[in-house]
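Asks: The structure that follows is given in the form of structure tokens.
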Amino acid sequence: MSIRLYDEWPDGIGHPLDSLLRTEQLPHVWCVGCGLGTATACLLGALEELPAVRDHAVLVGGIGCTGRAVGYTKLDNFHTTHGRAIPFATGLKLADPSLNVIVFSGDGDLFSIGGNHFIHAARRNVDLLVICCNNFIYGMTGGQVACTTLPGDHSTTTPMGNLEDAFNLPALAEAAGATYVARWTSLHPVQTQRTIREALGRKGFRFIEILVQCPTYYGKYNDMDLRGMVMYLKNRAAMAEGSAPAAVPITKDRIPVGVFVRLERRPFDGRIPPAS
Ligand code: SF4
237 MSIRLYDEWP
247 DGIGHPLDSL
257 LRTEQLPHVW
267 CVGCGLGTAT
277 ACLLGALEEL
287 PAVRDHAVLV
297 GGIGCTGRAV
307 GYTKLDNFHT
317 THGRAIPFAT
327 GLKLADPSLN
337 VIVFSGDGDL
347 FSIGGNHFIH
357 AARRNVDLLV
367 ICCNNFIYGM
377 TGGQVACTTL
387 PGDHSTTTPM
397 GNLEDAFNLP
407 ALAEAAGATY
417 VARWTSLHPV
427 QTQRTIREAL
437 GRKGFRFIEI
447 LVQCPTYYGK
457 YNDMDLRGMV
467 MYLKNRAAMA
477 EGSAPAAVPI
487 TKDRIPVGVF
497 VRLERRPFDG
507 RIPPAS
């Protein structure tokens, strides 16, 4: 079967989100079977449902497979330096508080290289929505171990099995001060889009983790093809709505999902006195 490139499709056939996509940039760089397309569609679908939010939205991506997503959109966007998406986003928000600033990046970018920026933006309660696509590994750079790789898992840099514990990202976000915390997987597109929509309607530092399959590296080094990776996420996902974030670590047997935190706290930009 031959695969027709996007620009070879007959006139009139397109994607429902074409109005938000720079279709001239397609096909995208992601591997066949990657979960990042689903996560991106959930974000754009939520924005499509909220035109007033969408029209003042800015997307900020870091470096890595996920960070490439923002450049495929017709929204204002910044593809920033490694680990620095949140500082760029903070500057945007403080320069123009009317903007709806959304950070869309990966676990390595946001929590390994950019971990320090994450905790301090949460502590300050900067009015940002941060969406982390967690694929358990460094994808774009070749499948190295990450701070989200589970103990015992294999990667190019842990061929004998990872000796470290992984971050529980919702617990980290809550402890640092996030006012909204949730986790879903790429197999929960309806719930993910609904959660993004809810988060876009709130203020303060909001965090959503989306677990995405990376068959090319995480799957390959852990003996899973695409189907195996999808079943891995499907069979372990367990509803844990309202659970304390400290009680939702990802283990080999269980991936707790749901919205864990909904809080009100005065955002940082509201604390800045007006210029005299
Ligand atoms: S390396 Fe993994 S995360 Fe990156 S595009 Fe390929 S499948 Fe997706």
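Here this note's numbering is used: the first residue of the sequence shown is 237, the next is one more, and so on.
Built from N, CA and C at the ideal position, the CB exists for glycine as well.
This structure is a prediction, so every number in the text was calculated from the model and none was measured.
1) Do N336 and A277 have their C-beta atoms closer together than 8 Å?
2) Can you grab the Cα-Cα spacing for the pair M237 / R463, in whole Å?
3) Please go through the stretch 432-473 and give each complete alpha helix (DSSP H) segment of 4 or more residues, from N-terminal end onward.
4) In its own chain, which residues sit with a C-beta less than 8 Å from the C-beta of H424, not counting the 5 before and 5 after it?
5) Taking C-beta to C-beta, are G344 and A382 nearer than 8 Å?
6) Please name the residue, chosen from A321, D312 and G440, that lies closest to D291 on a Cα-to-Cα basis.
7) What number of angstroms, rounded off, separates the C-alpha of R502 from the C-alpha of E434?
8) In this structure, how does DSSP classify P492 when only helix, strand and coil are distinguished?
9) Determine the direct distance from the alpha carbon of N370 to that of A412, and round the result to whole angstroms.
10) Whose beta carbon lies closer than 5 Å to any heavy atom of the ligand SF4, going through the chain in order?
11) Rounded to a whole number of angstroms, what is the C-alpha to C-alpha distance between I482 and L408?
12) Buried or exposed for P451, going by 16 or more other Cβ atoms inside 10 Å?
13) Give, in chain order, every unbroken run of the beta strand (DSSP E) that is at least 3 residues long and sits entirely within the stretch 377-443.
14) Drop a sphere of 10 angstroms on the beta-carbon of K470, count the other beta-carbons inside from all chains shown, and report buried for 16 or more, exposed for fewer.
15) Residues in the same chain with beta-carbon distance under 8 Å from N398, minus the five sequence neighbours each way, listed in chain order, please.
16) Under the three-state reduction of DSSP, which class applies to M237: helix, strand or coil?
17) For the alpha helix (DSSP H) containing I322, list its first residue and its last residue.
18) Less than 8 Å between the beta carbons of P406 and F496, yes or no?
Replies: The short version:
1) no
2) Only weak support exists for where M237 lies, its pLDDT of 47 falling under 50; the coordinates are left without a value.
3) 462-472
4) A473 and V493
5) yes
6) D312
7) 18 Å
8) strand
9) 19 Å
10) W266, C267, C270, C301, N371, G375, C450 and T452
11) The sequence shown places Ala at residue 482, not Ile. So the alpha carbons of these two residues sit roughly 8 Å apart.
12) buried
13) 416-421
14) exposed
15) V381, T385, L386, P387, G388, D389, H390 and S391
16) Unreliable placement is indicated for M237, whose pLDDT of 47 sits below 50; no coordinate value is reported for it.
17) A321 to A331
18) yes
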